[in-house]
Structure formats: structure tokens, C-alpha cells
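For the sequence shown, my numbering begins at 53 and goes up steadily by one. Every residue, glycine too, gets a C-beta built ideally from N, C-alpha and C.
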Amino acid sequence: KSKMLSVINKRLVRKSIDMFSEIEEQGEEEYLKFWNNFGKYLKVGIVEDADNKDALGKLCRFYSSKCEGKDGVTSLAKYIEGMKEDQKDIYYVTGDGRAAAERSPVLERLKALDYEVLFLTEPLDELMIQSLD
């Protein structure tokens with residue numbers, strides 16, 4: 053791969069991430085339209101692009117035990133902001149869809165502690181979350 057193509061690639065990726073962030077700043081409703089169409093590709097980017105995984109991770113949205121409704125999602129930043137003082141880890145449950153994740157027996161204990169739990173509902177989600185460290 054030529055050095056010039058590598059530089060162009062880096063600049064295009066950086067510009068794209070900046071544009072995604074601008075969409076996010078327009079409001080959650082507008083961003084959810086984008087997320088529903090392109091979120092899967094951002095998740096792939098986290099797994100494949102170690103240099104930009106943190107920036108892409110900030111743009112991700114997850115179903116959560118404390119978010120209601122079909123579009124009830126949260127970002128990792130909001131999740132971390134809402135963590136209990138004694139909570140040291142990010143908790144998540146995997147399942148084939150939100151309804152399956154909500155029926156997980158593990159969820160009972162964490163709900164009793166009033167911890168928010170992320171629902172990872174796509175096969176790529178678990179790999180992606182592990183890539184974020």
C-alpha cells in the first residue's frame with residue numbers, strides 16, 4: 053500500500069468520524085436515525101480499526117435495562133456517568149434481541165443492586181465490546 057493512499061485513508065476516516073459526531077450533536081432523535089442505518093458499520097470499525105476504536109466507541113448506542121421503548125438506548129458515556137459509586141465494571145447481557153436479553157436470569161441480581169445493564173443483541177456486539185477494553 054502506498055504511503056499516499058494510507059494518508060488519504062486516515063484523513064477520510066477522521067473526517068467521517070467528525071461528521072458522525074456532528075450528527076450526534078444535532079440531537080438524539082436525529083442520531084438514532086443515523087445509528088439505525090449505519091451502527092453495524094461503526095461496530096465493525098471498532099473491531100477492525102484499533103487507532104479509532106475509542107472515537108467510534110463514543111458513538112455507539114446500546115439497549116439498556118434503564119431505557120424504555122423501542123428506541124430506548126444509551127451511550128457508553130451516559131452509562132458510565134450513571135454508574136453507582138461502588139460499581140467498578142460495565143455489566144452487559146447478550147441475547148437474540150432485547151426481549152431475550154431482558155429474560156436473562158443474571159439480570160435479576162443486577163437489577164436488585166439497581167445497576168444498569170447493557171443489552172448486546174447482535175452477534176457482533178460482544179466482540180465489539182471486548183475490543184473496546
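CA nearest to the CA of residue i, picked from the options
i      : options                           : result
Lys67  : Glu160, Glu120, Leu170 and Asn104 : Asn104
Ser183 : Asn61, Glu81 and Asp101           : Asp101
Glu120 : Ile181, Lys85 and Glu154          : Glu154
Ile49  : Ile132, Lys110 and Leu57          : The first residue shown for the chain is 53 and the last is 185, placing residue 49 beyond what the model contains.
Val65  : Phe86, Met135 and Ile98           : Ile98
Asn88  : Arg161, Leu57, Val145 and Asp123  : Asp123
Ala129 : Leu108, Gln78 and Val145          : Leu108
Per-residue DSSP class, three states only, for residue i
i      : result
Leu172 : strand
Ser127 : coil
Burial state of residue i (16 or more Cβ within 10 Å)
i      : result
Tyr167 : buried
Phe72  : buried
Ser127 : buried
Tyr93  : exposed
Met56  : exposed
Asp141 : exposed
(message) When you compare the stretch 163–175 with the stretch 99–116, are there three or more beta-carbon pairs, one atom per stretch, that lie closer than 8 Å?
(response) yes
(request) Could you name each continuous alpha helix (DSSP H) segment of 4 residues or more that falls completely within the stretch 59–117, going from the start of the chain to the end? (result) 80–100 and 105–109
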